[in-house]
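Here's the structure, in structure tokens; my notes come after.
Number of protein chains: 2
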Amino acid sequence: MKVFELPQILSALDEDAALAAVGAAFRGFATGQAQLTAVGHLGFTDPPGDCHVKGARMAGEEVFVVKLASSFYRNPERGLSSSTGFMAVMSARTGEVLAILHDQGRLTDTRTAMAGVLAARCILRPGSRTLGIVGAGIQARLQADLIGRRLGLDEVLIWARDPSRATALASDIGARAVDLPELCARADLIVTATPSTEPLIGVEMIRSGARIVAVGADSPGKRELDPRILALGHVVVDSPAQCLDHGETGWAVRAGLIEPASLIELGALLTTPRAFGDSDTVVADLTGVAIQDLAIATSVWRRLQAGDAR
Amino acid sequence: MKVFELPQILSALDEDAALAAVGAAFRGFATGQAQLTAVGHLGFTDPPGDCHVKGARMAGEEVFVVKLASSFYRNPERGLSSSTGFMAVMSARTGEVLAILHDQGRLTDTRTAMAGVLAARCILRPGSRTLGIVGAGIQARLQADLIGRRLGLDEVLIWARDPSRATALASDIGARAVDLPELCARADLIVTATPSTEPLIGVEMIRSGARIVAVGADSPGKRELDPRILALGHVVVDSPAQCLDHGETGWAVRAGLIEPASLIELGALLTTPRAFGDSDTVVADLTGVAIQDLAIATSVWRRLQAGDAR
Chain L
1 MKVFELPQIL SALDEDAALA AVGAAFRGFA TGQAQLTAVG HLGFTDPPGD CHVKGARMAG
61 EEVFVVKLAS SFYRNPERGL SSSTGFMAVM SARTGEVLAI LHDQGRLTDT RTAMAGVLAA
121 RCILRPGSRT LGIVGAGIQA RLQADLIGRR LGLDEVLIWA RDPSRATALA SDIGARAVDL
181 PELCARADLI VTATPSTEPL IGVEMIRSGA RIVAVGADSP GKRELDPRIL ALGHVVVDSP
241 AQCLDHGETG WAVRAGLIEP ASLIELGALL TTPRAFGDSD TVVADLTGVA IQDLAIATSV
301 WRRLQAGDAR
Chain G
1 MKVFELPQIL SALDEDAALA AVGAAFRGFA TGQAQLTAVG HLGFTDPPGD CHVKGARMAG
61 EEVFVVKLAS SFYRNPERGL SSSTGFMAVM SARTGEVLAI LHDQGRLTDT RTAMAGVLAA
121 RCILRPGSRT LGIVGAGIQA RLQADLIGRR LGLDEVLIWA RDPSRATALA SDIGARAVDL
181 PELCARADLI VTATPSTEPL IGVEMIRSGA RIVAVGADSP GKRELDPRIL ALGHVVVDSP
241 AQCLDHGETG WAVRAGLIEP ASLIELGALL TTPRAFGDSD TVVADLTGVA IQDLAIATSV
301 WRRLQAGDAR
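So the sequence lines, in the order shown, correspond to chains L and G. Those letters in the first sequence? Residues 1 to 310, by our numbering. Those letters in the second sequence? Residues 1 to 310, by our numbering.
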């Protein structure tokens with residue numbers, strides 16, 4: 001069992017390789033090649049925190065991965081990151097623990113942003129150039145960077161509930177802080193990445209042919225979109241089961257606005273691209289699936305094994 | 001994050017301290033102080049294996065524990081132990097990973113045997129001296145050793161489906177291999193520790209006032225006892241929910257032989273001992289609870305922190 005700390009992990013994280021691995025994992029997941037554990041959860045109140053444990057394997061893969069990820073929300077008051085944890089890489093032949101990647105949540109952040117890139121690439125209209133980011137946290141920053149660079153969206157607009165955080169992020173990354181209606185009106189692609197529990201984007205803000213990647217709703221109670229937006233066109237889901245349970249999709253289905261049968265699986269869309277009409281609204285609902293952890297951890301571990309650090 | 005390998009872990013494992021910790025954990029569990037994760041599972045077929053992930057916390061404790069435990073059944077063919085895995089110790093204040101105890105399943109084996117000691121101590125008749133062990137695997141050996149020593153049962157009888165394994169274990173530990181009816185007739189305490197999926201001990205083998213600790217049935221489909229045995233007297237359970245789901249208790253309840261309301265929680269019995277009548281049959285159904293992992297890992301971790309290794 002080898003243990004790798006964050007600097008080693010980051011130096012072995014190859015963006016191209018990891019992005020390809022996450023895409024391949026979604027394709028395998030959509031064709032039933034993946035097996036996921038039930039998600040384990042422990043909740044804490046004093047101080048408030050959550051610990052989630054989840055694992056995944058892919059048929060035929062030589063390793064499998066279990067991730068432990070905690071968020072303790074007052075850690076920043078102590079100068080600590082709120083996210084902590086590790087991914088464990090095990091042999092699928094012997095069960096032996098091959099490696100502990102003590103990534104402190106960074107691989108999760110990255111694989112989440114990579115799902116954003118993959119979804120955005122599937123739904124983006126040709127000629128798009130403006131990216132609208134809703135949120136000013138770590139995930140907003142990562143999505144802005146990764147989607148901006150990988151998909152060539154060279155104008156980035158930011159909105160966040162706290163204007164000072166939006167301005168700070170915008171200034172950091174060469175973007176522009178705007179109000180939310182302007183962002184929705186101008187962005188070719190909107191990425192929502194907040195912990196909101198109320199809709200932020202109303203159906204009236206949405207222009208014809210809007211493309212939205214919704215990343216924030218990753219657990220019950222969270223939501224960022226007016227559910228009527230999902231009824232305007234097509235809905236792409238990273239995991240039908242999870243999106244129905246706690247994604248934006250669940251809110252729209254429970255409100256009787258869309259049918260589960262209409263959902264398009266991201267993995268299927270990656271395998272068989274589909275041309276959406278220019279005036280079609282398309283929402284990609286991303287709740288985060290353990291196969292993403294499997295993919296990124298395996299990608300990093302292979303390079304660590306091979307000594308391919310940057 | 002510190003990583004401890006098996007030799008360090010074993011040298012920091014203090015039997016008295018760990019046994020006390022496991023007992024305290026059962027008492028806390030019975031009074032609702034514990035929180036458990038859903039159990040995560042991944043199954044493998046080629047080669048066959050299982051990986052289980054589970055976690056627990058106890059209110060007010062400064063750490064919590066998540067365990068990953070794999071069993072790959074053909075590992076011995078490669079000269080490897082079938083059991084592998086680790087326990088991770090996290091701060092309940094910040095979520096930070098404090099330690100990885102790479103115990104390769106040994107702490108699980110030990111905490112399981114310790115539950116056997118605790119249950120046996122609660123149900124043993126005064127003056128008992130003969131221990132009957134059903135099974136010849138690691139758990140049979142540990143139960144024989146630990147219960148024999150801790151409860152002063154100086155005569156040990158062994159039966160196993162494979163007589164050569166029973167003889168080998170008996171010879172190793174100064175016990176005597178016997179047939180199963182003789183074991184049941186002579187033992188003051190019977191401990192069943194096999195992976196059987198069919199009843200091994202029939203109700204007709206059981207003498208008046210039998211005391212049985214059933215350890216084998218730890219997942220759906222497993223059983224070692226004729227369910228009518230549970231209807232003869234009292235049933236003690238480590239976890240009502242788990243025992244109803246996949247313990248000996250579940251078989252007896254589903255057959256309409258006993259009522260869930262009649263179950264006695266081990267943690268409650270440890271808090272408030274109860275004198276069973278000499279002719280009462282008492283079965284302790286132990287399925288294994290994540291609070292045992294929490295207790296033993298915490299006990300070992302504290303001693304590792306303090307530098308109290310043997």
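Cβ atoms here follow ideal geometry from the backbone N, Cα and C, with glycine treated the same way.
Rounding to the nearest angstrom, what Cα-Cα distance links Ala144 of chain L and Leu68 of chain G in this structure?
Looking up residue 144 of chain L in the first sequence gives position 144. Looking up residue 68 of chain G in the second sequence gives position 68. Straight-line Cα distance between these residues: approximately 36 Å.
Trp159 of chain G versus Gly202 of chain G: straight-line alpha-carbon distance, rounded
The residue labelled residue 159 of chain G in the question sits at position 159 within the second sequence. The residue labelled residue 202 of chain G in the question sits at position 202 within the second sequence. Rounded to the nearest angstrom, the two C-alpha atoms are 14 Å apart.
Compare the C-beta of Arg106 of chain G against all C-beta atoms of chain L and say whether one is closer than 9 Å.
Translated into the one-based positions of the second sequence, residue 106 of chain G becomes position 106. No, its Cβ sits nowhere closer than 9 Å to a Cβ of chain L.
Name the DSSP bridge partner or partners of Cys51 of chain L?
Residue mapping note: residue 51 of chain L aligns to position 51 of the first sequence, counting from 1. The partner list for Cys51 of chain L (beta bridge, DSSP) reads L:Leu42, L:Ser70.
Can you find a CB in chain L that lies within less than 9 Å of the CB of Met1 of chain G?
Counting from one through the second sequence, the residue named residue 1 of chain G turns up at place 1. Met1 of chain G counts as touching chain L.
Which residues of chain L have a Cβ atom closer than 8 Å to the Cβ of His41 of chain G, listed in chain order?
Numbered from 1 along the second sequence, position 41 holds the residue referred to as residue 41 of chain G. In chain order: Thr37, Ala38.
Look up Asp285 of chain G in the DSSP assignment and say whether it is helix, strand or coil.
The residue labelled residue 285 of chain G in the question sits at position 285 within the second sequence. The answer is strand: DSSP assigns Asp285 of chain G an E or B state.
Within chain G, the residues that Pro47 of chain L reaches when beta carbons sit closer than 7 Å
Residue numbering aside, residue 47 of chain L sits at position 47 when the first sequence is read from its first letter. Result: Arg93.
Decide if Gly79 of chain G is buried, meaning its Cβ has at least 16 other Cβ atoms within 10 Å, or exposed.
Within the second sequence, residue 79 of chain G is the residue found at index 79, counting from 1. Gly79 of chain G should be labelled exposed.
Below 8 Å on the Cβ atoms is my contact criterion, and I expect Leu286 of chain G with Ala140 of chain G to pass it. Report the Cβ-Cβ distance as a whole number of Å.
On the second sequence, position 286 is the one that residue 286 of chain G refers to. On the second sequence, position 140 is the one that residue 140 of chain G refers to. Going by Cβ atoms, the distance from Leu286 of chain G to Ala140 of chain G rounds to 14 Å, so no, they are not a contact pair.
Just to confirm, are Gln292 of chain L and Val3 of chain L a CB contact at a threshold of 9 Å?
Here residue 292 of chain L refers to the residue found at position 292 of the first sequence. Here residue 3 of chain L refers to the residue found at position 3 of the first sequence. Taking 9 Å as the Cβ cut-off, Gln292 of chain L and Val3 of chain L do not qualify as a contacting pair.
In this structure, does DSSP put Leu83 of chain L in helix, strand or coil?
Mapped onto the first sequence, residue 83 of chain L falls at position 83. According to the sequence shown, residue 83 of chain L is Ser rather than Leu. Ser83 of chain L: strand per DSSP, three-state reduction.
Kindly indicate if chain G contains any beta-carbon less than 9 Å away from that of Met87 of chain L.
Within the first sequence, numbered from 1, the residue matching residue 87 of chain L stands at position 87. Chain G, which has no Cβ nearer than 9 Å to the Cβ of Met87 of chain L, makes this no.
Contact check, Gln8 of chain G vs Leu304 of chain G under 8 Å by CB: the rounded distance?
What you label residue 8 of chain G is simply residue 8 of the second sequence in a count that begins at 1. What you label residue 304 of chain G is simply residue 304 of the second sequence in a count that begins at 1. Contact flag correct, Cβ pair sits at about 7 Å.
Can you round the beta-carbon distance between Met90 of chain G and Asp103 of chain G to whole angstroms, since I take them to be within the 8 Å contact cut?
Walking along the second sequence from the start, residue 90 of chain G turns up at place 90. Walking along the second sequence from the start, residue 103 of chain G turns up at place 103. Between the beta-carbon of Met90 of chain G and that of Asp103 of chain G there is about 16 Å, and that puts the pair past the 8 Å contact cut.
Closer than 9 Å, Cβ to any Cβ of chain G: which residues of the region 280-304 of chain L, in chain order?
Taking 9 Å as the Cβ-Cβ cut-off against chain G, none of the residues of the region 280-304 of chain L qualify.
Going along the region 231-248 of chain L in order, which residues come within less than 9 Å of chain G, judged by CB to CB distance?
Hits within the stretch: zero.
Apply the 10 Å Cβ neighbour rule to Ser164 of chain L and answer buried if 16 or more other Cβ atoms are within range, or exposed otherwise.
Mapped onto the first sequence, residue 164 of chain L falls at position 164. Label assigned to Ser164 of chain L: exposed.
Give me the chain G residues within the contact set of Gly55 of chain L, using Cβ-Cβ distance strictly less than 9 Å, ordered along the chain.
For the purposes of this step, residue 55 of chain L is taken as the residue at position 55 of the first sequence. What Gly55 of chain L touches in chain G: Gly40, His41, Leu42, Cys51, Val53, Leu68.
If we ignore side chains and look at the alpha-carbon of each, how far apart do Ser83 of chain L and Ala210 of chain L end up?
Position 83 of the first sequence holds residue 83 of chain L. Position 210 of the first sequence holds residue 210 of chain L. One C-alpha to the other measures close to 32 Å.
Which two residues bound the contiguous beta strand (DSSP E) that contains Arg125 of chain L?
The count along the first sequence starts at 1 and reaches residue 125 of chain L at position 125. DSSP places Arg125 of chain L outside any beta strand (DSSP E), giving it a letter other than H or E.
Quick check on Val63 of chain G - is its C-beta less than 9 Å from some C-beta in chain L?
Here the question's residue 63 of chain G lines up with position 63 in the second sequence. No - not a single Cβ of chain L is within 9 Å of the one on Val63 of chain G.
Beta-carbon contacts of Ile190 of chain L that lie in its chain and below 6 Å, excluding the five residues immediately before and after
The sequence position of residue 190 of chain L within the first sequence is 190, counting from 1. Beyond the five residues adjoining it in sequence on each side, Ile190 of chain L comes within less than 6 Å, by CB distance, of Gly132, Ile212 in the same chain, given in chain order.
Counted within 10 angstroms of its Cβ, other Cβ atoms place Gly233 of chain L as buried (16 or more) or exposed
Taking the first sequence and counting its residues from 1, one reaches residue 233 of chain L at position 233. By the neighbour-count criterion, in which a residue is buried when 16 or more other Cβ atoms sit within 10 angstroms of its Cβ, Gly233 of chain L is buried.
Where does Ala177 of chain G fall in DSSP's three states?
Within the second sequence, residue 177 of chain G is the residue found at index 177, counting from 1. The answer is strand: DSSP assigns Ala177 of chain G an E or B state.
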